[in-house]
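Participant:
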Amino acid sequence: MAAKHSYKFCFGPWNLSEGQDPYGPPTRPAQTFEWKLAQLKKLGFDAMMFHDDDAVPDVDNKSPAEIRKATRELKKKLADAGVAAEMVAPRLWFDPRTVDGAFTSNDPACRRYAIERSLRCIDIAKELGTDLIVLWLAREGSYLRESKNARRCVDYLVEALDKMLAYDKKVRIAIEPKPNEPMDQAYIPTIGHALALAQLTRDPARVGCLIETAHAILAGLDPADEIDFACAFGKLWSLHLNDQNGLKFDQDKPFGSANLRMAFNQVRALERNGYGKRGEYVCFDVHPFRPTKVEHWLAHLDNSRRTFLRLVEKARTFPEKEAQKLIADRNYAALDQLVLEHLMGR
Ligand code: GLO
Ligand code: MG
Numbered sequence: 599m600a601a602k603h604s605y606k607f608c609f610g611p612w613n614l615s616e617g618q619d620p621y622g623p624p625t626r627p628a629q630t631f632e633w634k635l636a637q638l639k640k641l642g643f644d645a646m647m648f649h650d651d652d653a654v655p656d657v658d659n660k661s662p663a664e665i666r667k668a669t670r671e672l673k674k675k676l677a678d679a680g681v682a683a684e685m686v687a688p689r690l691w692f693d694p695r696t697v698d699g700a701f702t703s704n705d706p707a708c709r710r711y712a713i714e715r716s717l718r719c720i721d722i723a724k725e726l727g728t729d730l731i732v733l734w735l736a737r738e739g740s741y742l743r744e745s746k747n748a749r750r751c752v753d754y755l756v757e758a759l760d761k762m763l764a765y766d767k768k769v770r771i772a773i774e775p776k777p778n779e780p781m782d783q784a785y786i787p788t789i790g791h792a793l794a795l796a797q798l799t800r801d802p803a804r805v806g807c808l809i810e811t812a813h814a815i816l817a818g819l820d821p822a823d824e825i826d827f828a829c830a831f832g833k834l835w836s837l838h839l840n841d842q843n844g845l846k847f848d849q850d851k852p853f854g855s856a857n858l859r860m861a862f863n864q865v866r867a868l869e870r871n872g873y874g875k876r877g878e879y880v881c882f883d884v885h886p887f888r889p890t891k892v893e894h895w896l897a898h899l900d901n902s903r904r905t906f907l908r909l910v911e912k913a914r915t916f917p918e919k920e921a922q923k924l925i926a927d928r929n930y931a932a933l934d935q936l937v938l939e940h941l942m943g944r
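In short: position in the sequence shown from 1, add 598, done, that's this note's numbering.
#1: Does the distance between the C-beta of residue 734 and the nearest non-hydrogen atom of the ligand MG fall short of 7 Å?
#2: Can you give me the C-alpha to C-alpha distance between residue 756 and residue 801, rounded to a whole angstrom?
#3: Taking its Cβ as the centre, do 16 or more other Cβ atoms sit within 10 Å of residue 697, making it buried, or is it exposed?
#4: With a Cβ-Cβ cutoff of 8 Å, do residue 845 and residue 819 count as a contact?
#5: Report whether the distance from the Cβ of residue 760 to the nearest heavy atom of the ligand MG is below 7 Å.
#6: In the DSSP assignment, what are the bridge partners of residue 708?
#7: Is residue 774 near the ligand MG, judged by its Cβ being under 7 Å from some heavy atom?
#8: Would you mind reading off the limits of the beta strand (DSSP E) that contains residue 862?
#9: Can you tell me whether residue 783 is helix, strand or coil according to DSSP?
#10: What residue from 611, 866 and 903 has the CA that sits closest to residue 684's CA?
#11: Taking only the alpha-carbon atoms, compute the straight-line gap between residue 661 and residue 711 and give it to the nearest angstrom.
#12: Is the shortest distance between the beta-carbon of residue 804 and the beta-carbons of chain D less than 8 Å?
#13: Buried or exposed: where does residue 928 fall if 16 or more other Cβ atoms within 10 Å of its Cβ makes it buried?
#14: Given 7 Å as the limit, tell me if residue 848 has its C-beta closer than that to any heavy atom belonging to the ligand GLO.
#15: How would you label residue 787, buried or exposed, when you count the other beta carbons within 10 angstroms and need 16 or more for buried?
#16: Please report the residue range of the alpha helix (DSSP H) in which residue 617 lies.
#17: May I have the straight-line CA-CA distance separating residue 744 from residue 907, to the nearest angstrom?
#18: If we count Cβ pairs, one from each stretch, closer than 8 Å, do we get three or more for the segment 913-927 versus the segment 652-666?
#19: Tell me the rounded alpha-carbon separation between residue 867 and residue 836.
#20: Could you check if residue 640 is buried or exposed, using at least 16 other CB atoms within 10 Å of its CB as the buried criterion?
#21: Measure the Cβ-Cβ separation of residue 735 and residue 679 and say whether it is below 8 Å.
#22: Tell me the start and end of each unbroken beta strand (DSSP E) in the segment 765-840 that is at least 3 residues and wholly inside, in chain order.
#23: Within the same chain, show all residues whose beta-carbon is closer than 7 Å to that of residue 599, passing over the 5 residues directly before and after it, in chain order.
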């Protein structure tokens with residue numbers, strides 16, 4: 599039997615978060631980047647994902663030379679730790695200039711800022727040795743529909759993507775859709791929207807997507823089907839696995855925490871599409887529960903990977919022949935129970 603491939607794992611510095619939410623302050627002390635990198639190493643993860651300002655703090659107030667210097671220092675730290683940089687994402691939702699959207703702001707000066715900042719993000723990614731830029735389009739949408747022209751916003755998004763694609767001929771852009779939060783309505787809520795937008799750009803082959811479990815669920819979709827859809831286009835270039843208990847705030851729970859069967863089906867979809875064989879990472883965009891004590895700070899990441907690996911085993915040992923017989927007989931009640939008993943471990 600052909601050897602089954604193994605997966606590479608990744609998380610970002612923001613996934614070791616301090617517990618702040620809109621209703622209360624942090625519950626764990628702030629830690630340095632060095633501490634976070636050491637924890638990633640300790641857990642045996644392979645790569646780290648970055649926002650541009652995780653990589654280069656205060657990026658807006660630095661000159662290109664200062665950005666290059668800071669990025670080189672980071673590159674050395676990563677090389678010493680034997681950790682790769684998976685991607686870099688421009689954080690386009692913190693600055694006052696992005697208060698009403700970044701690429702789709704009504705103010706042309708703010709739109710220019712967002713594009714400039716994204717080009718600096720590309721510089722950082724190149725220096726860190728990755729060609730992957732992730733765009734979570736946080737504030738590209740509206741709080742009230744009449745405040746923006748959604749038709750024009752599509753053009754603005756294409757213009758921004760085109761500028762990024764033209765700036766660097768190697769860069770690949772993975773759009774991370776999310777239907778809401780912080781906006782009421784986002785312009786690119788699903789993988790279908792992301793891939794359709796890619797087709798309007800100057801180089802569709804270099805615009806793909808990133809699926810986050812919670813975002814798909816918030817859009818009322820099944821994350822496993824989103825995975826299959828993106829993979830049918832060869833466009834699933836990164837992944838934020840986590841979990842989400844229904845239509846609430848974005849919870850970023852540990853993978854499998856709310857719906858183990860849905861998690862199993864995501865793993866099955868990844869397996870059947872050979873995700874990871876072209877170097878893609880399995881990233882966990884998960885957060886500790888707010889009450890988490892300092893001594894348990896890494897558990898949500900370690901647990902997500904453990905669950906993922908257990909589900910890979912479950913996917914590889916799924917009684918496929920038995921399932922096929924039940925499918926042929928349209929005996930879905932028995933198929934349902936077969937899945938449940940397989941997951942429970944008969
Ligand atoms: C928020 C997103 C966010 C992105 C990150 C990378 O809902 O999931 O965590 O993944 O900023 O762009
Ligand atoms: Mg995410």
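Glycine residues also receive a C-beta, built at the ideal position from the N, C-alpha and C atoms.
Facilitator: The structure says:
#1: yes
#2: 11 Å
#3: exposed
#4: no
#5: no
#6: Answer by DSSP bridge pairing: none, since residue 708 is not bridged.
#7: yes
#8: First-last for residue 862: 858-870, but that is the alpha helix (DSSP H), not the beta strand (DSSP E).
#9: strand
#10: 611
#11: 15 Å
#12: This model lacks chain D altogether; it includes just one protein chain.
#13: exposed
#14: yes
#15: buried
#16: Element bounds for residue 617: n/a, residue is neither H nor E.
#17: 47 Å
#18: no
#19: 14 Å
#20: exposed
#21: no
#22: 770-774, 805-810 and 834-839
#23: Residue placement at residue 599 cannot be trusted, given a pLDDT of 48 that sits under 50; what the coordinates show is reported in the next sentence. Answer for residue 599: no residue qualifies.
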